[in-house]
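A quick write-up on the structure given underneath.
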Amino acid sequence: MAMSANAKTTAKLLTLAVSMLGFALFVMPPLYDAFCEVTGLNGKTGGRYEAVPAMVDAERTVKVQFIASNNENMPWEFKPGVVELKVHPGEAVDTVFHAHNPTDRDMVGQAIPSLVPFKAANYFHKTECFCFNQQTLAAGETAELGLRFIVDPDLPAGVNTITLSYTLFDVTDRIAQQTQNKKADASPI
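If you count the sequence shown from 1, you need to add 35 to reach the numbering used here.
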């Protein structure tokens, strides 16, 4: 009898654990994205921005800082080409980040941006960014990852420093699984 009660408890706990994992992986990310979009919290930057000719505010200078970090499972070396730039709102600015895959296998990385202060997120526009696409580096390969951005001239006057941070994630296994699933879906039955 005790074995049956233990087995039921174990089954319930396993079901709960699997349900929590599924919730965390499949339900929370879209909810989090929607929450950030509505509230502007977490400094999530928007997607690709189509630049329109704007007046450059040469009287104002904004400091833009760059930070690069790796998710705990990402072995790449990843760093900004410069840690800080002084820019005039309205001007298009180019910079690079450096990535190196020191492993002996090909890998795919995905950079996720975050920006502070949060209220600056709507005024920081990326026209080109390596974060728009996944980055594939062969074993031992090094790459320069380009970023072009514009700080909007309408940036609130109290914001003098913007920090753009990228966290790099290893998505190699996820991409391989997606490719395998597509092949399985495409194969005739």
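Even for Gly, the Cβ is constructed at its ideal location relative to N, Cα and C.
- The C-alpha of PRO137 is placed about 18 Å away from the C-alpha of GLN169.
- Put simply, the backbone Cα of PRO124 is about 24 Å away from that of LYS114.
- For GLU179, DSSP records a beta bridge to HIS133.
- Distance check between VAL118 and each of ASN105, VAL151, GLU107 and VAL99 places VAL99 closest, using alpha-carbon atoms only.
- Around the beta carbon of PHE167, fewer than 16 other beta carbons lie within 10 angstroms, which makes this residue exposed.
- Remark: C-beta atoms of VAL131 and PHE184 do not approach each other more closely than 8 Å.
- Residue state for ALA93 is assigned as coil, using DSSP reduced to three classes.
- Between LEU182 and PHE165, the C-beta gap is smaller than 8 Å, which places the two residues in contact.
- A residue is called buried when at least 16 other Cβ atoms come within 10 angstroms of its Cβ; LYS161 meets this threshold and is buried.
- The beta carbon of ARG209 sits closer than 7 Å to no other beta carbon from its chain once the five residues preceding and following it are set aside.
- Residue pairing for ASN157: DSSP places it in no beta bridge.
- Within the same chain, Cβ atoms closer than 6 Å to the Cβ of SER200 are found at ILE102 and SER149, the five residues on either side in sequence being excluded.
- For ALA146, the enclosing beta strand (DSSP E) stretches over residues 142-151.
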